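All remarks here apply to the structure that follows.
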Amino acid sequence: AVGRNWEALQWAPEEFQADPQLVLVAVEQCWCAVRWAAEPLRVDVDIVLAAVRQNWRALELLPSEAAELEGVASAVVAHGDFSLESASERLRACRALALEAVARDGRQLEFLPA
Numbered sequence: 006a007v008g009r010n011w012e013a014l015q016w017a018p019e020e021f022q023a024d025p026q027l028v029l030v031a032v033e034q035c036w037c038a039v040r041w042a043a044e045p046l047r048v049d050v051d052i053v054l055a056a057v058r059q060n061w062r063a064l065e066l067l068p069s070e071a072a073e074l075e076g077v078a079s080a081v082v083a084h085g086d087f088s089l090e091s092a093s094e095r096l097r098a099c100r101a102l103a104l105e106a107v108a109r110d111g112r113q114l115e116f117l118p119a
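Next comes the structure, spelled out in C-alpha cells:
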C-alpha cells in the first residue's frame, strides 16, 4: 500500500515504519512521510536527503542531528526559497546549516542567533 500511497505509512505497523526501503519509497513520494518514519530512520542520510531535496521544511519534522548529516545542509540551502529568517530557532542554531547558508549569501548572518 505504501508503494502506491505514501500516507499509508501513517497507519502501517511499526515494523514497516522501521523498514528503510519502505520508508524511502514513501518519502520519495512526499517529504511529509518522514514524520511517520521510525526514530532511527529519521537520521538516516538517504531518507533525510530524499525529504529535504523536495522541501527544506522536512528538517522541521526531524531531529536536530539530521541537519548535521553529510550533504544535508547543502541540499537544504540549495532550495531557492530557503532562508534562515524563515527557519526555526532550532535550525538557525545548527552550525552546518548556518555555515552553508552564510557561504551562499552573506546577508544570512543577520538571522543567526546572538
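Take any residue in the sequence shown, note its place counting from 1, add 5, and you have its number in the working numbering. Where is the CB? At the ideal position from N, CA and C, for every residue including glycine. Owing to the predicted nature of the structure, the values given are computational and were not obtained by experimental measurement.
Can you tell which of R47, H84 and L67 has its C-alpha closest to the C-alpha of P25?
R47
Assuming A13 and V32 are in contact, meaning their beta carbons sit under 8 Å apart, how far apart are those beta carbons, in whole angstroms?
Not confirmed; about 13 Å, so no contact.
Considering only the beta carbon of each residue, do A63 and V39 sit closer than 8 Å?
yes
May I have the straight-line CA-CA distance separating L78 from P18, to the nearest angstrom?
Per the sequence presented here, residue 78 reads as Ala, with Leu not at that position. Cα to Cα, A78 sits roughly 31 Å from P18.
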